[in-house]
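J.:
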Amino acid sequence: MSERERRIGLNEAVFREVNEHVESLSQGTDALSIVCECGELSCTERLFVSPAKYEAVRAHAALFLVAPGHVAADVEDVVERSDGFEIVRKHEGEAQQIAEETDPRR
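Be aware that the sequence shown starts at 1035, since it is given in the numbering used here, and climbs by one per residue.
(1) Give a yes or no on whether the C-beta atoms belonging to R1123 and D1111 are separated by under 8 Å.
(2) By Cβ distance below 7 Å, which residues in the same chain neighbour L1099 in space, the five residues on each side in sequence not counted?
(3) Comparing alpha-carbon positions, which option in V1109, L1075, E1079, C1077 lies nearest Q1131?
(4) Go ahead and label A1096 buried or exposed: buried means 16 or more other beta carbons lie within 10 angstroms of its beta carbon, across all protein chains shown.
(5) Could you pull out every residue in the same chain whose Cβ sits closer than 7 Å to the Cβ of K1087, ignoring the five residues on either side in sequence?
(6) Hey, out of A1129, G1103, V1048, whose CA is closest to D1117's CA?
(7) Since V1113 is in the beta strand (DSSP E), which residue starts that stretch and which ends it?
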């Protein structure tokens, strides 16, 4: 794995951790306002996601929520497109391993 791929994986893990805190503070809301979980540390895009969709993504360590166009195609693929966000899955190998090792729900 290249240093870039490793950095992307670790950055995405940081954003996922932030969103876990947002989710825990947003109980009972119709939509969560979370940060984009792309690998660009300077990204400040906000995503609006239903709690059910957020939970569906969090059920799989290799899935992340990103803003449209924020996909790092060398380490992930889009598995679902929605209005305002995309769901990406890490490629098998080291990128997926980082996602699994840093999953706060595991």
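Glycine residues also receive a C-beta, built at the ideal position from the N, C-alpha and C atoms.
Keep in mind that this is a model prediction, so the values were computed, not measured.
T.: Walking through what the data contain:
(1) Here residue 1123 refers to the residue found at position 89 of the sequence shown. Here residue 1111 refers to the residue found at position 77 of the sequence shown. Contact flag set, yes.
(2) Locating residue 1099 in the sequence shown gives position 65, where the first residue counts as 1. Correct list, in chain order: I1068, E1071, L1081, V1083, V1091, F1119, I1121.
(3) Counting from 1 along the sequence shown, the entry for residue 1131 is found at position 97. Measuring from the Cα of Q1131, the nearest candidate turns out to be V1109.
(4) On the sequence shown, residue 1096 is found 62 positions in, with the first residue counted as 1. Classification of A1096: buried, given that the 10 Å Cβ count is 16 or more.
(5) The sequence position of residue 1087 within the sequence shown is 53, counting from 1. So the list is empty, once near-sequence residues are dropped.
(6) For the purposes of this step, residue 1117 is taken as residue 83 along the sequence shown, with counting starting at 1. Looking at the Cα atoms, G1103 is the closest of the given residues.
(7) Your numbering for residue 1113 matches position 79 in the sequence shown. From DSSP, the beta strand (DSSP E) with V1113 extends over 1110–1116.
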